[in-house]
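Going down the list, the protein sequences come from chains C and S. Counting along the first sequence from 1, when you hit position 580 you're at 579 in numbering that gives the first Met the number 0, and nothing is skipped either side. Counting along the second sequence from 1, when you hit position 44 you're at 43 in numbering that gives the first Met the number 0, and nothing is skipped either side. Notes to accompany the following structure.
Number of protein chains: 2
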Amino acid sequence: MIMRMSRLFVRTLREDPADAEVPSHRLLVRAGYIRRAAPGIYTWLPLGLKVLRKIEDIIREEMDAIGAQELSFPALLPREPYEATNRWTEYGDGIFRLQDRKGADYLLGPTHEEMFTLVVKDLYSSYKDLPLSIYQIQTKYRDEARPRAGLLRGREFIMKDSYSFDVDDAGLDVSYNKHRDAYIRIFDRLGFEYAIVEAMSGAMGGSKSEEFLAKASVGEDTYVRCSLCDYAANVEAVHVPPIAPVPYDDVPAAHAEQTPDTPTIETLVDHLNERFARDDRPWTAADTLKNVLFTVRHPDGTTEALAVGLPGDREVDDKRLEAHLGEGVVFAPFGDEDFAAQPTLAKGYIGPGALGEKKPAGVRYLVDPRVVEGTRWVTGADVAGSHVIDLVAGRDFSADGTIEVAEVRDGDPCPRGDGGVLETARGIEMGHIFQLGRKYAEALDLKVLDENGKLVTVTMGSYGIGPSRAVAAIAEGTHDELGLSWPREVAPADVHLVAAGKEEAIFAAAERIAHELDKKGVTVLYDDRAGKVSPGVKFKDAELIGVPTIVVVGKGLAEGTIEVKDRATGTREDVPADHLVDRVVRIVKA
Amino acid sequence: MIMRMSRLFVRTLREDPADAEVPSHRLLVRAGYIRRAAPGIYTWLPLGLKVLRKIEDIIREEMDAIGAQELSFPALLPREPYEATNRWTEYGDGIFRLQDRKGADYLLGPTHEEMFTLVVKDLYSSYKDLPLSIYQIQTKYRDEARPRAGLLRGREFIMKDSYSFDVDDAGLDVSYNKHRDAYIRIFDRLGFEYAIVEAMSGAMGGSKSEEFLAKASVGEDTYVRCSLCDYAANVEAVHVPPIAPVPYDDVPAAHAEQTPDTPTIETLVDHLNERFARDDRPWTAADTLKNVLFTVRHPDGTTEALAVGLPGDREVDDKRLEAHLGEGVVFAPFGDEDFAAQPTLAKGYIGPGALGEKKPAGVRYLVDPRVVEGTRWVTGADVAGSHVIDLVAGRDFSADGTIEVAEVRDGDPCPRGDGGVLETARGIEMGHIFQLGRKYAEALDLKVLDENGKLVTVTMGSYGIGPSRAVAAIAEGTHDELGLSWPREVAPADVHLVAAGKEEAIFAAAERIAHELDKKGVTVLYDDRAGKVSPGVKFKDAELIGVPTIVVVGKGLAEGTIEVKDRATGTREDVPADHLVDRVVRIVKA
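Right under this line is the structure:
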């Protein structure tokens, strides 16, 4: 195929668009790949659509290769199935809702678990029908509070979502691993750097959960990797390595002390070192136990007070807390009114009394896993200006359970306990595979007859990739200061051919090369613009558009050479005109 | 590719679905191509999606072949552009509207004229950029009052819509004809019978307008064709052939007569023949002039009374009236309150006085083109029980204009005046091409600089095809009593291979044939189901699913023959096993 710049529906821009926050967004607009139609909603211009389609085709090929079958659900969905799983309520403001002319409720599908589950229930009834993997590549909608970063977080976007259906957990493991392998092939082909990280699975009820993250400084996701082993995890999913109980036979009894004017950890530590100095080592924030209170509202409308106890040197990580509380749960730190409503909780001095024996009804107390039996803490004494010292977990207080929501820091030990330490990095969530389990099958009553004629609930896996986000993530990972620079498999063309000059001979040679390359199956974006468009403008456009191989028919032609440039590395070579087509074909098919 | 029935996500049904009104809908559900998700909203199962994609690919190829460039707009669109063209209001209940979390108005795009116009305005600025044709294949939404007939009239459906942009009318003609030729190639390839008919263009402001209709008895569109020439037109677009004025010098003066109890045309004609018998011929309904009143509400909220005068032997055709009044205009016949509000209009006896000199303000009077100057009529005398005879158009009364909304009947003369008569037929609107002109370019200010540096408004053409409707229309046109029967180019597979029997040898032979055909590039739907599935069930499924060539490996295998059956004609041939693959390849590639 030959695309001619003189006719291609594109207009490159020299200036960055005002609303573009990240390089991929700036460059995709400037190079004429996309245009914004509304906040978080984009039009795909011809070049952008070509890249998107190539990504979709790669995904489709790899899905088909593992025997997954493509179907397509509507985007406009009735309320009822989402009511059955409670997600109509859980999604809150996060989805687009509408009514038809008869007043019936609809939503624009943000994900299609319900539809996948119901279609299998409709068609299948026996264990013999399983395993089954089905998928779609389809437009999805989320009413993001703050759509940002162009295609990276849109309100209308494309998703490939697949689901596996198995009769038992062993089958689910097989389906999960097939998808995992397919995802590795897909991400390898997409040509950008990625990490596979462990992700939260608790809230969704399944057991295994991994994310594929594109490494990118603009990414919204923080993940950690071990300095020694191959452990990597989304920050939400990081666990504290198991800690053994500590002997506490020789710890003196807990004793309350006056600690006036110590409402913060910092003032408390200073006070401890001044008035209660230890011989062996100074007090630090890590010796203190901080109790942080939240008001938590569940999707069913009920609220509770949640107290999180954690070492004083760490903050609660809101994203981790959000992930642990699960979808549709809203939380906020205790405010003055909340404290006023719980007079036994002494703000700044909350301690084991108020969270132990005297705990008010409706308060749940969960502690960080570092608070294991036998550990010694300084914490509030439940009255202003007083703290308890030598408070031993398990001896002097206990909690309702543990929660892993303390911030994760560079240098924290690897959960695998191999001596490595964690380092954080940022990424863009590009794919998510997880064992969904029986949550939706139970809610929507998807059962099949097993070998013994008994009805069993089907277990599901869920596997998603965002092709539209992938366009931006690849651009993010591969661009340079001159413009986009596509990996070959997703580039909108194989070769960007530039006729650089005004001479008839240059255009004639370029035209001939375009046709010869086309005949060999090479896709050519041919800059055939005549008249006022200077070679300089054409070179700039070629760098901006980012086709991986740039062929320049210019001054060298008189001496019988044509320049071939690698967009990514900038390497140039002068190729004899006679060998040009062969040389380019070899580069393209390499 | 080999698809195995044992693994294919499909379930055929022996019973018709309760909600299916037309054969295509019944069969597409029974054969496992689609499932209903909500009224007018469907899920595409794997077989259905394959047919849909093949149709889309044919359309894409032919669009690309005329140099049209593909892009893709969002389906979720902001209100503002539709406000600028007044369509936000005009669409009334016909579109889905919604608000985002910030309360901003959006719609689900029913068509994208505004978006196409604006993107060209954004990117282009000179006559040198034109002509341009751009298109998309995309999901569209209409909140139909009564979604019906499965995919034939859905609320979520797929459309290919393209638009051409030219600086002048001559350019538009060229673009229009290119699209027309491409449409002919597309419809020829889709493999069903179609008619190209003249369509209404007036309301949209353009000049040329044609529809591509699939011939189908279940079609919602009525069209006419001439018994002699190649004239064909949508009923909305049919014109009365020009009629010359009639001399009326010897017509006596109009005279009012008592005609008690003649509120209907039938009673009036009886009365005339009884009391005012003519020598030359009896009175017929065609001698009477019927004045029918409507209340018309325009999109801007204003209302008017419209009186339509037409020969008494014809009714007003609501669809023709709707088409003439234009999009967003709502009308209803005069009710008792309307008559009460206009006391000068004597219900059942409305005549030239009330519609002429004494016409109330706010009433518009339009007549059928058969009411030419000099024609003689019997009509109401504006008082109950009285009619005027020998009323001559142009002498005794005149109207505000003409309107072509009288019903079209079999036997009406061809508008080309060649002596042929019209016959009506029914069809499904599959494509519509029309010269849109400057309506949207003017509303959205799309101008380019012409050769002289002067700003000129661009003129547009609009060209649409519905691929999802095409799936149903093809099924409608090609099915038989046994099931679906796809034309080869859109079939979900080339060959339906049936292993008919229980013997190991049959399955081994079928398996080998499947692989050999696959190697030759033939797509095989292989019914490899073992166990309880009888040959009879497999044959029924093959007929129902409708792949054009059915290969049966069965009893004949022992004698070295395999049956090849043509699904459409039912022709069978026994082919020697050794020649089977070659024979099938020849059939498939024919």
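From the three backbone atoms N, C-alpha and C, an ideal C-beta is built for every residue, glycine too. Model, not experiment: these values are computed from the prediction.
Would residue i and residue j qualify as a contact pair, given that the criterion is a beta-carbon distance under 7 Å?
{"i": "Ser-5 (chain C)", "j": "Gly-460 (chain C)", "result": "no"}
{"i": "Met-199 (chain C)", "j": "Ala-236 (chain C)", "result": "yes"}
{"i": "Gly-426 (chain C)", "j": "Tyr-222 (chain C)", "result": "yes"}
{"i": "Asp-565 (chain S)", "j": "Val-521 (chain S)", "result": "no"}
{"i": "Gly-170 (chain C)", "j": "Pro-109 (chain C)", "result": "no"}
{"i": "Ala-74 (chain S)", "j": "Tyr-134 (chain S)", "result": "no"}
{"i": "Leu-227 (chain C)", "j": "Gly-31 (chain C)", "result": "no"}
{"i": "Thr-456 (chain S)", "j": "Ala-442 (chain S)", "result": "no"}
{"i": "Ile-40 (chain C)", "j": "Glu-219 (chain C)", "result": "no"}
{"i": "Ala-398 (chain S)", "j": "Val-362 (chain S)", "result": "no"}
{"i": "Glu-406 (chain C)", "j": "Glu-314 (chain C)", "result": "yes"}
{"i": "Trp-282 (chain S)", "j": "Asn-272 (chain S)", "result": "yes"}
To the nearest angstrom, report how far apart residue i and residue j are at their CA atoms.
{"i": "Arg-35 (chain C)", "j": "Leu-150 (chain C)", "result": "10 Å"}
{"i": "Gly-204 (chain S)", "j": "Gln-434 (chain S)", "result": "Confidence is the limiting factor: at Gly-204 (chain S) the pLDDT is only 47, short of 50, which leaves the residue's position unreliable, though a coordinate-based value still follows. Going from the Cα of Gly-204 (chain S) to the Cα of Gln-434 (chain S) covers about 8 Å."}
{"i": "Phe-506 (chain C)", "j": "Ile-473 (chain C)", "result": "33 Å"}
{"i": "Leu-7 (chain C)", "j": "Tyr-162 (chain S)", "result": "15 Å"}
{"i": "Leu-212 (chain S)", "j": "Asp-417 (chain S)", "result": "24 Å"}
{"i": "Gly-334 (chain S)", "j": "Glu-210 (chain S)", "result": "35 Å"}
{"i": "Val-370 (chain S)", "j": "Thr-458 (chain S)", "result": "36 Å"}
{"i": "Ala-498 (chain S)", "j": "Gly-569 (chain S)", "result": "19 Å"}
{"i": "Ala-541 (chain C)", "j": "Leu-107 (chain S)", "result": "36 Å"}
{"i": "Arg-408 (chain S)", "j": "Val-234 (chain S)", "result": "10 Å"}
{"i": "Lys-554 (chain C)", "j": "Glu-502 (chain C)", "result": "10 Å"}
{"i": "Asp-63 (chain C)", "j": "Ser-132 (chain C)", "result": "10 Å"}
{"i": "Ala-103 (chain C)", "j": "His-111 (chain S)", "result": "25 Å"}
{"i": "Leu-70 (chain S)", "j": "Leu-454 (chain S)", "result": "26 Å"}
{"i": "Lys-139 (chain C)", "j": "Lys-159 (chain C)", "result": "10 Å"}
{"i": "Pro-38 (chain S)", "j": "Arg-25 (chain S)", "result": "15 Å"}
{"i": "His-578 (chain C)", "j": "Ile-432 (chain C)", "result": "47 Å"}
{"i": "Asp-337 (chain S)", "j": "Thr-294 (chain S)", "result": "8 Å"}
{"i": "Phe-72 (chain S)", "j": "Arg-437 (chain S)", "result": "21 Å"}
{"i": "His-478 (chain S)", "j": "Val-28 (chain S)", "result": "13 Å"}
{"i": "Thr-261 (chain C)", "j": "Pro-77 (chain S)", "result": "54 Å"}
{"i": "Val-166 (chain C)", "j": "Gly-153 (chain C)", "result": "36 Å"}
Contact check, residue i vs residue j under 8 Å by CB: the rounded distance?
{"i": "Tyr-123 (chain C)", "j": "Gly-430 (chain C)", "result": "Between Gly-430 (chain C) and Tyr-123 (chain C) the Cβ distance is about 26 Å, and since that is not below 8 Å, they are no contact."}
{"i": "Ala-284 (chain C)", "j": "Gly-311 (chain C)", "result": "4 Å"}
{"i": "Arg-100 (chain C)", "j": "Asp-142 (chain S)", "result": "5 Å"}
{"i": "Leu-292 (chain C)", "j": "Leu-344 (chain C)", "result": "7 Å"}
{"i": "Val-387 (chain S)", "j": "Ala-380 (chain S)", "result": "5 Å"}
{"i": "Val-550 (chain C)", "j": "Val-563 (chain C)", "result": "6 Å"}
{"i": "Tyr-126 (chain S)", "j": "Leu-448 (chain S)", "result": "6 Å"}
{"i": "Gly-384 (chain C)", "j": "Gln-257 (chain C)", "result": "6 Å"}
{"i": "Val-552 (chain S)", "j": "Ala-508 (chain S)", "result": "5 Å"}
{"i": "Phe-191 (chain C)", "j": "Gly-373 (chain C)", "result": "No, Phe-191 (chain C) and Gly-373 (chain C) are not in contact; Cβ-Cβ is about 47 Å, not under 8 Å."}
{"i": "Arg-224 (chain C)", "j": "Glu-428 (chain C)", "result": "Going by Cβ atoms, the distance from Arg-224 (chain C) to Glu-428 (chain C) rounds to 16 Å, so no, they are not a contact pair."}
{"i": "Leu-445 (chain S)", "j": "Lys-120 (chain S)", "result": "5 Å"}
Could you pull out every residue in the same chain whose Cβ sits closer than 8 Å to the Cβ of residue i, ignoring the five residues on either side in sequence?
{"i": "Val-580 (chain C)", "result": "Ile-512, Glu-515, Leu-516, Lys-519"}
{"i": "Ile-185 (chain C)", "result": "Ile-57, Ile-58, Glu-61, Gly-430, Ile-464"}
{"i": "Ala-83 (chain S)", "result": "Glu-113, Ala-442, Leu-443"}
{"i": "Ala-194 (chain S)", "result": "Phe-211, Leu-212, Lys-214, Tyr-222, Arg-224, Ala-231, Ala-424, Gly-426"}
Whose C-beta lies closer than 7 Å to the C-beta of residue i among residues of the same chain, with five residues either side of it excluded?
{"i": "Lys-358 (chain S)", "result": "Tyr-364"}
{"i": "Leu-44 (chain S)", "result": "Phe-8, Val-9, Gly-31, Tyr-32, Ile-33, Arg-34"}
{"i": "Leu-324 (chain C)", "result": "Val-295, Phe-330"}
Using a beta-carbon distance cut-off of less than 8 Å, what residues from the region 487 to 507 of chain S approach chain D?
No chain D appears in this structure, whose protein chains are C and S.
How do the region 455 to 471 of chain S and the region 522 to 529 of chain S stand: do at least 3 beta-carbon pairs fall below 8 Å, yes or no?
no
Okay, do the region 476 to 493 of chain S and the region 41 to 61 of chain S touch, 3+ Cβ pairs below 8 Å being the bar?
yes
Quick one: any contact between the region 397 to 414 of chain C and the region 364 to 383 of chain C, if contact means 3 or more CB pairs under 8 Å?
yes
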